[in-house]
Amino acid sequence: MDDVEAVVLVGGKGTRLRPLTLSAPKPMLPTAGVPFLAHLLSRIQAAGVRRVVLGTSYLAETFSEFFGDGAAMGLEIEYVVETEPLGTGGGIRNVSKYLTAPDVLVFNGDVLCGTDLNAVVETHRRTKADATLHLVRVQDPRAFGCVPTDEDGRVTAFLEKTEDPPTDQINAGCYVFRREVIEQIPEGRPVSVERETFPGLLESGARVSGHVDAAYWRDLGTPLDLVKGSADLVRGVAPSAALPGPTGESLLLDGAQVDDTARVFGGTIVGRDVRIGRGARVDGSMLFDGAVVEDNARVVNSVVGTGARVEESAAVYDAVIGDRATVGAHCELRHGMRVWPDVTLPPHGLRFSPDV
7 MDDVEAVVLV
17 GGKGTRLRPL
27 TLSAPKPMLP
37 TAGVPFLAHL
47 LSRIQAAGVR
57 RVVLGTSYLA
67 ETFSEFFGDG
77 AAMGLEIEYV
87 VETEPLGTGG
97 GIRNVSKYLT
107 APDVLVFNGD
117 VLCGTDLNAV
127 VETHRRTKAD
137 ATLHLVRVQD
147 PRAFGCVPTD
157 EDGRVTAFLE
167 KTEDPPTDQI
177 NAGCYVFRRE
187 VIEQIPEGRP
197 VSVERETFPG
207 LLESGARVSG
217 HVDAAYWRDL
227 GTPLDLVKGS
237 ADLVRGVAPS
247 AALPGPTGES
257 LLLDGAQVDD
267 TARVFGGTIV
277 GRDVRIGRGA
287 RVDGSMLFDG
297 AVVEDNARVV
307 NSVVGTGARV
317 EESAAVYDAV
327 IGDRATVGAH
337 CELRHGMRVW
347 PDVTLPPHGL
357 RFSPDV
């Protein structure tokens, strides 16, 4: 893979993940103990690719501050800032002048995937494609646009969401382009690869191949998907060489303190200097650095932000607690509720159930 470069699109604002993304871009959110992007970069490096171009925009400086020149990960990282939103295709075109390899792997920076990257490139080269898409089979494709292929592996169409999809194959957000094809994308304006670039290639008679598999795949666009993706990384269901510890039911980072009577499981990540009190139960959740879960509290499938506090006997289910926020004792949060940073909910201040 010495003659392959990678492009990772990380310019989005991650609005669906607010308030978590008020202070960090989505790819930099701590996921299973490290920024999510570290998991993707580790897989790119493991595949043999050495040069990566990051297309950044929102809070662009946070990427270079953390990853630097990439040498610590065995990579050479170049940063290109997108001053105006250009979409997926426009973002790829925006970095084209920094590319030199004949084939370019392109990734959406918010997708967690376990596919064999070498195999995707091999499909691209074997079929002499102009562009190749990684297509993953999903149980319920109705929530996604579908991408059918013929018996020769050639993509035949790009279909919008429908209640009766003709295939279970969806776009997994990983592509291989011939560099010349990238240079043909219109410059200086928003372009969607899904709605403009790929359909245009089909209309022109270009070869667009599909590499189809059933590898692990999850789009981390919502808080629930972020939590589930992190838990899958901690438990070893999703592959990553960047995990800062062994896989298991939980992963505790430096300085974390968990009372002997507490239960922490389900792929929970316990950040640095987190404290979990007596009788607490934390299941499949993300506790950012410095968070506190007090005695007998319950945190399930949720994110507790940096320095946030869940007080005694509070219950947090499928919720997001922003940085430095406080969920008062005996409060009960459910069903996707989000507490903004620095907000304090008083004891008994919010409940779904009638019991106290």
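Counting from 7, one number per residue, gives the positions in the sequence shown under my numbering.
We put the CB at the ideal spot given by N, CA and C, even for glycine.
On a predicted model such as this, the values are computed, not experimentally measured, just so you know.
Element boundaries [beta strand (DSSP E), containing residue i]
i, result
"Arg130", "Looking at the sequence itself, residue 130 is His, so the reference to Arg does not match. His130 -> not in any beta strand (DSSP E); alpha helix (DSSP H) instead, spanning Leu123 to Arg132."
"Arg357", "Looking at the DSSP string, Arg357 is not in any beta strand (DSSP E), and its letter there is neither H nor E."
"His45", "Not the beta strand (DSSP E): His45 falls in the alpha helix (DSSP H), residues Phe42 to Ala52."
"Ile385", "Beyond the ends of the chain as shown, which are 7 and 362, falls residue 385; an answer cannot be given."
"Gln216", "A quick correction: the sequence has Gly, not Gln, at residue 216. Val214 to Asp219 is the span of the beta strand (DSSP E), which, as asked, contains Gly216."
"Leu118", "Val117 to Cys119"
"Arg269", "Arg269 to Phe271"
"Arg304", "Arg304 to Val306"
"Thr274", "Thr274 to Val276"
"Leu259", "Premise fails: Leu259 is in no beta strand (DSSP E) and is neither H nor E."
Given residue i as reference, the closest of the options once Cα atoms are compared
i, options, result
"Gly93", "Gly54, Leu15 and Leu207", "Leu15"
"Thr350", "Arg330, Pro360 and Leu239", "Arg330"
"Glu128", "Leu257, Asn100, Leu139 and Pro172", "Leu139"
"His336", "Glu88, Glu300 and Ala178", "Glu300"
"Val87", "Ser70, Lys134 and Leu259", "Ser70"
"Ile50", "Ala30, Thr37 and Met79", "Met79"
"Thr155", "Asn124, Arg213, Val182 and Ser63", "Arg213"
"Lys103", "Asp174, Glu84 and Ile275", "Glu84"
"Pro352", "Asp122, Ala248, Gly334 and Cys180", "Gly334"
"Val161", "Leu207, Leu232 and Ala38", "Leu207"
"Tyr181", "Glu193, Phe150 and Val218", "Val218"
"Leu165", "Val197, Arg184, Glu202 and Val101", "Glu202"
"Asp122", "Pro360, Met7 and Ala286", "Met7"
"Ala216", "Ser359, Val126 and Val197", "Rather than Ala, the amino acid found at residue 216 in this sequence is Gly. Closest option to Gly216, Cα to Cα, is Val126."
"Lys19", "Val10, Asp9 and Thr68", "Thr68"
Whole-angstrom C-beta distance between residue j and residue i, which should lie under 8 Å
i, j, result
"Val305", "Val298", "Their Cβ separation, rounded to whole angstroms, is 11 Å, which puts Val305 and Val298 out of contact at 8 Å."
"Ala237", "Gly272", "6 Å"
"Asp109", "His130", "7 Å"
"Gly96", "Arg195", "6 Å"
"Asp265", "Arg284", "5 Å"
"Leu28", "Pro347", "7 Å"
"Val117", "Ala178", "7 Å"
"Gly39", "Pro250", "4 Å"
"Gly115", "Leu43", "6 Å"
"Leu111", "Ala12", "4 Å"
"Ile176", "Leu141", "7 Å"
"Gly151", "Glu200", "7 Å"
Rounded separation between residue i and residue j - CA only
i, j, result
"Pro171", "Pro25", "34 Å"
"Val345", "Asp279", "22 Å"
"Ile188", "Arg99", "6 Å"
"His45", "Cys119", "10 Å"
"Val310", "Gly296", "10 Å"
"Asn302", "Thr267", "10 Å"
"Ser210", "Gln190", "12 Å"
"Glu365", "Glu169", "Nothing can be reported for residue 365, as the shown portion of the chain is limited to 7 through 362."
"Lys167", "Leu293", "35 Å"
"Val58", "Leu356", "47 Å"
"Leu23", "Gly17", "14 Å"
"Gln263", "Phe72", "26 Å"
"Pro36", "Gly277", "9 Å"
"Ser291", "Val233", "6 Å"
"Pro33", "Trp223", "16 Å"
"Ala369", "Pro252", "Outside the modelled stretch of the chain, which goes from 7 to 362, sits residue 369, for which no answer is possible."
"Arg124", "Thr332", "In the sequence under discussion, the amino acid at residue 124 is Asn, which differs from the Arg named in the question. Answer to the nearest angstrom: the Cα atoms are 46 Å apart."
"Ile275", "Glu157", "43 Å"
"Ala244", "Ala221", "9 Å"
"Val55", "Leu239", "22 Å"
"Glu193", "Ala107", "20 Å"
"Val270", "Thr228", "23 Å"
"Asp361", "Val288", "21 Å"
Residue i - containing alpha helix (DSSP H), residue span
i, result
"Ala237", "Pro229 to Arg241"
"Glu67", "Glu67 to Phe73"
"Gly95", "Gly93 to Asn100"
"Leu139", "Looking at the DSSP string, Leu139 is not in any alpha helix (DSSP H); the run it does join, the beta strand (DSSP E), is Ala137 to Arg143."
"Gly206", "Phe204 to Glu209"
Residue i classed as buried or exposed, judged by whether at least 16 other C-beta atoms fall within 10 angstroms
i, result
"Ser246", "buried"
"Gly328", "buried"
"Lys134", "exposed"
"Glu90", "exposed"
"Glu338", "buried"
"Arg132", "exposed"
"Gly242", "exposed"
"His341", "exposed"
"Ala325", "buried"
"Phe113", "buried"
"Ser63", "buried"
"Glu186", "exposed"
"Ser256", "buried"
"Asp136", "buried"
"Thr21", "exposed"
"Gly31", "As written in the sequence, residue 31 is Pro, which differs from the Gly given in the question. So Pro31 ends up on the buried side."
Cβ of residue i within 9 Å of any chain C Cβ
i, result
"Asp265", "No chain C is part of this structure, which consists of one protein chain only."
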